[in-house]
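A.B. asks: First residue of the sequence shown? That's 17 in my numbering, and the numbers climb one at a time after it. What follows is a structure written as structure tokens; I'll ask about it next.
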Amino acid sequence: MNPTERNGRLFWTAAIAVVCLDFVSKTLAVKYLIPHVPADIIGSVGRFTLAYNPGAAFSMSLGPMSRYIFGTLSTVALFVLWRLFRVWRVSTPSDSEFTVRALGLGLAWGGAAGNLIDRFRSPLGVVDFIDIGVGDVRFWTFNVADSAVTIGAAVLAWVLWREDRRTLATLAAEAATRDTPAA
Numbered sequence: 017m018n019p020t021e022r023n024g025r026l027f028w029t030a031a032i033a034v035v036c037l038d039f040v041s042k043t044l045a046v047k048y049l050i051p052h053v054p055a056d057i058i059g060s061v062g063r064f065t066l067a068y069n070p071g072a073a074f075s076m077s078l079g080p081m082s083r084y085i086f087g088t089l090s091t092v093a094l095f096v097l098w099r100l101f102r103v104w105r106v107s108t109p110s111d112s113e114f115t116v117r118a119l120g121l122g123l124a125w126g127g128a129a130g131n132l133i134d135r136f137r138s139p140l141g142v143v144d145f146i147d148i149g150v151g152d153v154r155f156w157t158f159n160v161a162d163s164a165v166t167i168g169a170a171v172l173a174w175v176l177w178r179e180d181r182r183t184l185a186t187l188a189a190e191a192a193t194r195d196t197p198a199a
């Protein structure tokens, strides 16, 4: 199997795994949790608390049309992530670098797809249930799809940061070579 096929499989495997895990975990949360009643998993630090988010990240809302507006934005994001995967496949210099990019893009794509499915599955909004914090200081309640988007974005940021550092080092070396007088 050539690297392009392998990375395509990695992208789609990561994306589909996230969508499936997200769907199953949200289905179980809705079935077994009572809305807004915490269930301690790791003391009170890690708990499951069922909540519905009709808006976007951090419960950002645009009123009654939020579901459709954010659904449309999610669809656009899915297309952009897929296009990035296709474009980077051609332009990435190393196979290992592209493998990491494919994984990051697949995680982000799967997370965006998971929340999009959930957004249209229930008029109440996206199911969130992972609740982390100490006492009354809590992080926003989130889900598997949100985690995948965050991890995918972090992986992509790391890859792009490394690529920028390598490019700057190459440019600096070329500049130093040009500025050095010939012996």
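All residues carry an ideal CB built from backbone N, CA and C; glycine is no exception. These figures come from a predicted structure and were not determined experimentally.
Smallest Cα separation from L132: which of R178, K42 and H52?
C.D. replies: For the purposes of this step, residue 132 is taken as the residue at position 116 of the sequence shown. Nearest C-alpha to L132: K42.
A.B. asks: Could you say if the stretch 43-63 and the stretch 143-157 meet the contact criterion of at least three C-beta pairs nearer than 8 angstroms?
C.D. replies: Touching, yes, given that three or more Cβ pairs across the two stretches are closer than 8 angstroms.
A.B. asks: T157 lies in the beta strand (DSSP E); which residues open and close that run?
C.D. replies: Here the question's residue 157 lines up with position 141 in the sequence shown. First-last for T157: undefined, no H or E at that position.
A.B. asks: When you compare the stretch 23-34 with the stretch 42-56, are there three or more beta-carbon pairs, one atom per stretch, that lie closer than 8 angstroms?
C.D. replies: They do not touch, by the three-pair rule.
A.B. asks: Three or more beta-carbon pairs under 8 angstroms between the stretch 122-131 and the stretch 154-162, yes or no?
C.D. replies: Short answer: they touch.
A.B. asks: Residue range of the beta strand (DSSP E) that G149 falls in?
C.D. replies: To locate residue 149, count along the sequence shown from 1; it is residue 133. Per DSSP, G149 belongs to the beta strand (DSSP E) from V142 to V150.
A.B. asks: Could you check how far apart the C-beta atoms of V142 and N23 are, in whole angstroms? I think they sit under 8 angstroms.
C.D. replies: As a first step, residue 142 is located in the sequence shown; it is residue number 126 there, counting from the start. As a first step, residue 23 is located in the sequence shown; it is residue number 7 there, counting from the start. Not a contact, Cβ separation roughly 29 angstroms.
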